[in-house]
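Participant:
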Amino acid sequence: MEKIKEFRGEWRFLSNFWPAEVTYNRRKFKTVENAYQAAKCVNVGDQQAIQMMSPGGAKRFGKVLGGMRRLDWNDKTKLAIMKDLLRQKFQDPELCQKLLATGDSLLEEGNYWHDTFWGRNPPILAPLLNLSRLFRLS
Numbered sequence: 194m195e196k197i198k199e200f201r202g203e204w205r206f207l208s209n210f211w212p213a214e215v216t217y218n219r220r221k222f223k224t225v226e227n228a229y230q231a232a233k234c235v236n237v238g239d240q241q242a243i244q245m246m247s248p249g250g251a252k253r254f255g256k257v258l259g260g261m262r263r264l265d266w267n268d269k270t271k272l273a274i275m276k277d278l279l280r281q282k283f284q285d286p287e288l289c290q291k292l293l294a295t296g297d298s299l300l301e302e303g304n305y306w307h308d309t310f311w312g313r314n315p316p317i318l319a320p321l322l323n324l325s326r327l328f329r330l331s
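Note that the numbering used here numbers the sequence shown so that position 115 is 308, with each residue one more than the last.
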């Protein structure tokens, strides 16, 4: 089985930063990352601000929410929201075909920014760890 260790190069489309319009809370977002970060917010104004940010800006904003994060922000909520957003993203026919073309490859978001909830850090350690949650969302 082939392993896709990082969402770069030809696999960049798998990244949540990839442009793909999705909807959360009746608002359109330009990427899954923007919508996911907005989903953390209690304040509707913060959600609106995130709509206009770059995916990186949205991610940075989402990390500093502190007391403004929704009270039910737990693993179950995160997984449910991400599952919905990814299903929306891959409704796009071109992205769907690209995803299907990965076949039975192991999809693993290797990274160097210490995201061990959704990915692996660093990707070289992946064989020692369990499959990323990101693509166990069936």
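Cβ coordinates follow ideal geometry from the N, Cα and C atoms, glycine included.
1. Ignore the nearest five residues each way along the sequence and tell me which others in PHE254's own chain have a CB closer than 7 Å to its CB.
2. May I ask which residues mark the beginning and end of the alpha helix (DSSP H) holding ARG253?
3. Can you list, in chain order, the residues of its chain whose CB lies under 7 Å from that of ASP285, leaving out five sequence neighbours each side?
4. Kindly indicate the opening and closing residues of the alpha helix (DSSP H) around ARG219.
5. Kindly indicate which three-state DSSP category ALA294 falls into: helix, strand or coil?
6. By alpha-carbon positions, which one of LYS276, ASP308, GLY312 ends up nearest to ALA228?
7. Using a Cβ distance threshold of 8 Å, determine whether the region 230 to 239 contacts the region 257 to 273, with at least three qualifying pairs required.
8. Select from GLU195, PHE206, PHE200, GLY202 the residue whose C-alpha is nearest the C-alpha of LYS282.
Facilitator: Here's the rundown:
1. Counting only Cβ-Cβ distances below 7 Å, and skipping sequence neighbours, we find GLN230, ILE243, MET246.
2. Its alpha helix (DSSP H) spans residues 248 to 256.
3. The answer, listed in chain order, is ALA213.
4. Counting along the chain, ARG219 falls outside any alpha helix (DSSP H), and DSSP gives it neither H nor E.
5. Here ALA294 sits in coil by DSSP.
6. Put simply, of LYS276, ASP308, GLY312 the residue whose alpha carbon is nearest the alpha carbon of ALA228 is LYS276.
7. Judged by pairs of C-beta atoms under 8 Å, the region 230 to 239 touches the region 257 to 273, as three or more such pairs exist.
8. It is PHE206.
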